[in-house]
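Written below as structure tokens is the structure these notes are about.
Number of protein chains: 2
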Amino acid sequence: MVADMTGKSKLCQQIEENVNWLSQFGGDEKEGVTRLLYTEQWNAAQKALEEKMKGLHLKTYYDDVGNLFGRLQGTGSEQQVILTGSHIDTVINGGKYDGAFGVVAGIIALQYLYAHYGSPTKTLEVVSLCEEEGSRFPLTYWGSGNINGLHSKSDAKHVINKEGVKLDDAMKQLNFGKGLHSEPYRTDIASFIELHIEQGKQLEMSRCDIGIVSSIVGQKRFTVSVKGESNHAGTTPMNIRKDAFYVSCKLAKAFIELSEKYHNALYVTVGKITLSPNAPNVIPGYVEFTVDIRHHEYEVLQEAEREMKEIIKRTAGDLEVNIDCWMDEKPVAMSEELSELSKIISSEKNISSRELVSGAGHDSQVFGRRVPTCLLFVPSQDGISHSPKEFTKGEQLEKGVKVLIELLYKLAY
Amino acid sequence: MVADMTGKSKLCQQIEENVNWLSQFGGDEKEGVTRLLYTEQWNAAQKALEEKMKGLHLKTYYDDVGNLFGRLQGTGSEQQVILTGSHIDTVINGGKYDGAFGVVAGIIALQYLYAHYGSPTKTLEVVSLCEEEGSRFPLTYWGSGNINGLHSKSDAKHVINKEGVKLDDAMKQLNFGKGLHSEPYRTDIASFIELHIEQGKQLEMSRCDIGIVSSIVGQKRFTVSVKGESNHAGTTPMNIRKDAFYVSCKLAKAFIELSEKYHNALYVTVGKITLSPNAPNVIPGYVEFTVDIRHHEYEVLQEAEREMKEIIKRTAGDLEVNIDCWMDEKPVAMSEELSELSKIISSEKNISSRELVSGAGHDSQVFGRRVPTCLLFVPSQDGISHSPKEFTKGEQLEKGVKVLIELLYKLAY
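Those protein sequence lines, which keep their order, are chains A and B.
Going left to right, the first sequence walks through residues 1 to 413 as our numbering numbers them.
Going left to right, the second sequence walks through residues 414 to 826 as our numbering numbers them.
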């Protein structure tokens, strides 16, 4: 490919331009991108992507929850579709790569393939999934979930956000959810391929360009509540205290240290805590904290949960401790075949790659439960994501797109 | 004394009536008392007390910060004054005993002594101190502090509360602080005697009616800040995390357990904590928590502070931990002579008493640094204070007043 004066190839420039172009829709005052489901900014981005796809000989359509597709019809008789893409929504004050890069990469890949090889044998589609992050409404994977039967349109009636906005109303305001578009649920998808930034440091630390995800971890999230007795810090003898924070410290420490038992592959995070009354001179009478555990084997998560309960029994003393599991997601394996193919392609192209486990959730885990799915990562500088500081060099984005193009070529031509 | 149909003595009834009467000034909607410094409710209470004192042959006067005095002039030539009383202000939604009982008790004691024995040899005064709690402005002991030179009127110019109200303005609105009254600072006080509720359970647990305070604990308060690195809970390997909450748990646990080394006489409380960003799926990057330590020997507090710093050194790892001491109050010993006298009086009256250390701060600690001071406690039901649930039985209040009367008699007649 032709390189410009900066030494960047045309493809590299094209990727960078498109990523930057897309980031203007929802560009916020804090130098980040805020593009929440069914907002004006979100709608403008989908509309702009639709126009772009149309200009590239893709047949565009929305489904009835607002997932946007660009289709390159196959010449063969097979009805199945090879789908690539990612999500268009962001967190509040997020970056311009998370999700968006996968959408841009899919469009460029289809454009490249059509320009170089004409129509594929098998149908290719790129998707800009409507929602993954859960930033505006208290649910995640609204886009991929509707395609795969995890969510259904009618769920929208029961989802209300903190501002009192009903998901159903927000959806209908943009004319989705009214039966004007095709039903989201699909049975014609042969495979799903997602290109995404890593959101971690593993690739950077191992100086690798492509991460081939073998599985996406399972997660459990808990709220632990500790009920003690709120009392005066100066007049309550130590031996009769029911200090809910002291017990919480012992529990949180022991939970985090459980990780060592599983060679640090069990990730344990206590990220949120509330003390009551939360005053320097009052013994905390009530504490609530969250525990997030992740591992790629569900067995380990189950065992860790049992151990946490044992730790509570041993530690609670005469305080009342409860543990409530409010998220329980099983690990999802990616397609071994597609992973192997990606590895071979990378090797052929002299692009360094490695297998890894994704500790973050992705649309691929929703697809991966039903169809062969491949999730590929490019490095995230300093492991940063969900921030305006999110960054990946154009050359690294390009390597990702090259692998994606070749993978789609091998599957569809 | 004459008992009524309920079996309560006249003195007991009088005390209960007066405590209830005083609680109407500032009685709030949540069945408690909210009587903050220089508010309308506070002013109404002081005015009502002034009238009551006048009706009981006490010569009344305010000093220039609003401490209200009732004086029973001594017949002797000595200029020194024996002072009793407590504070009139409350916390927000407090009870009717904390502070108020000591004021009521002082008035009733002087009334009783005058009625039974006429004028004393040494001058007796009862004081309704303007402020102790620190509930409206960010300072405590404004009343006793001005009498004893810990505070001075002019400090009021530099004290502003959260609502933007300047202490000086609030004071002047009620015509204090303008030189219209006597200067607060006194050099004529021979001794101070304060009767107060315990605000703890020690008397109740040991079934004792009177607590004779040997000393008021010293206190140090710290803010510990732990700076780690905020990161994704799913993509950040355990071995490279800089989890500020995990380190905080280890620190808080070790600090609290320091108490054991000092036979549990060192009280350690971690009462307040802030995590940032405080989200279930993000490793806390920054944590701040408070530590409150109390002991009746200053040496121990100094040693504990040194040990906390050692623990930080051992525990911090590659995180940045800072400790800032923002309160440092030395313990204050009460008068041994007055304590001994109180013990003898209790014993003579068949009232059970015990020595104890006060873990809470009181006006007595401000007086106690300059003049012989005696702090006497009556039990608090279930140890509750600073709450509408604050309660002490009339019979127990009465025992306190009886000891106070006898103590004042022995000192002044």
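Think of the CB as a built atom: it goes at the ideal place given N, C-alpha and C, for glycine as much as any other residue.
When the beta-carbon positions are compared, A:Leu180 and A:Asn43 stay at least 7 angstroms from each other. Residues of the segment 742-757 of chain B with a C-beta atom less than 9 angstroms from some C-beta of chain A do not occur. At a Cβ-Cβ threshold of 7 angstroms, B:Gln612 and B:Ser793 count as neighbours.
At a cut-off of 7 angstroms between beta-carbon atoms, B:Val446 makes no contact with chain A. Measuring C-alpha to C-alpha distances from A:Ser191 to each of A:Gln219, A:Ile311, A:Thr123 identifies A:Thr123 as the nearest. If only complete runs of 4 or more residues are kept, the segment 561-631 of chain B shows the alpha helix (DSSP H) at 580-586, 615-618, in order along the chain.
CA-to-CA, the gap between A:Glu395 and A:Ser352 works out to about 13 angstroms. Taking C-alpha positions only, A:Asn281 is separated from B:Asp705 by approximately 7 angstroms. Within its own chain, the residues whose Cβ lies closer than 6 angstroms to the Cβ of B:Phe482, once the five positions on either side in sequence are excluded, are Tyr474, Glu538, Val540, listed in chain order.
Of all residues in the segment 533-560 of chain B, none places a beta-carbon less than 7 angstroms from a beta-carbon of chain A. Closer than 7 angstroms at the C-beta level to chain A, one finds these residues of the segment 675-706 of chain B: Asn677, Tyr680, Thr682, Val683, Gly684, Lys685, Ile686, Leu688, Asn691, Ala692, Pro693, Asn694, Val695, Ile696, Pro697, Thr703, Asp705.
Taking every protein chain shown into account, the CB of A:Thr84 has 16 or more other CB atoms within 10 angstroms, so this residue is buried. Pairing A:Lys220 with A:Glu303, the inter-Cα distance amounts to about 12 angstroms. For B:Ile669, the chain A residues whose C-beta falls within less than 8 angstroms of its own C-beta are Asp243, Tyr246, Cys249, listed in chain order. At least one CB of chain B lies nearer than 7 angstroms to the CB of A:Ala252.
C-alpha of A:Lys253 to C-alpha of A:Val270: approximately 9 angstroms in a straight line.
In the DSSP assignment, A:Ser364 falls within the alpha helix (DSSP H) that extends over 363-367. Not one beta carbon of chain B lies nearer than 7 angstroms to the beta carbon of A:Gln365.
Close to A:Val217, with beta-carbon spacing below 7 angstroms, are these residues of chain B in chain order: Gly647. If the five residues before and after A:Lys330 are omitted, its C-beta is found closer than 6 angstroms to the C-beta atoms of Gly218, Tyr298, all from its own chain and listed in chain order.
For the segment 697-751 of chain B, the full-length beta strand (DSSP E) segments reaching 3 residues or more read 699-708, 733-742 along the chain.
When the alpha-carbon of B:Asp656 is set against those of B:Val734, B:Leu821, B:Ile758, B:Asp441, the nearest one is in B:Val734.
Residues of chain A whose Cβ lies closer than 7 angstroms to the Cβ of B:Gly613 are, in chain order, His232, Thr235, Thr236.
Beta-bridge pairing by DSSP links B:Arg634 to B:Asp705, B:Met740. For A:Ser86, the closest Cβ of chain B is not nearer than 7 angstroms. Shortest Cα-Cα distance from A:Leu56 to any of A:Ile108, A:Ile15, A:Gly32, A:Gly102 involves A:Ile108.
Below 8 angstroms, enough C-beta pairs join the segment 86-95 of chain A and the segment 386-395 of chain A to call them touching: three or more. For A:Lys172, the closest of A:Thr39, A:Glu194, A:Ala100, A:Arg35 by C-alpha to C-alpha distance is A:Thr39. For B:His470, the three-state secondary structure derived from DSSP is coil.
Contact annotation: the segment 14-33 of chain A touches the segment 102-118 of chain A, with at least three C-beta pairs closer than 8 angstroms. Between the alpha carbons of B:Glu546 and A:Leu275 lies a gap of roughly 23 angstroms.
Take the alpha-carbon of A:Leu37 and the one of B:Asn644: they are about 24 angstroms apart.
DSSP places B:Glu811 inside the alpha helix (DSSP H), whose first and last residues are 807-825. Counting other Cβ atoms within 10 Å of its Cβ, B:Cys738 stays below 16 and is therefore classed as exposed. Taking a contact as a CB-CB distance under 8 angstroms, the pair A:Val247 and A:Thr290 does not count as one, their CB atoms being some 16 angstroms apart.
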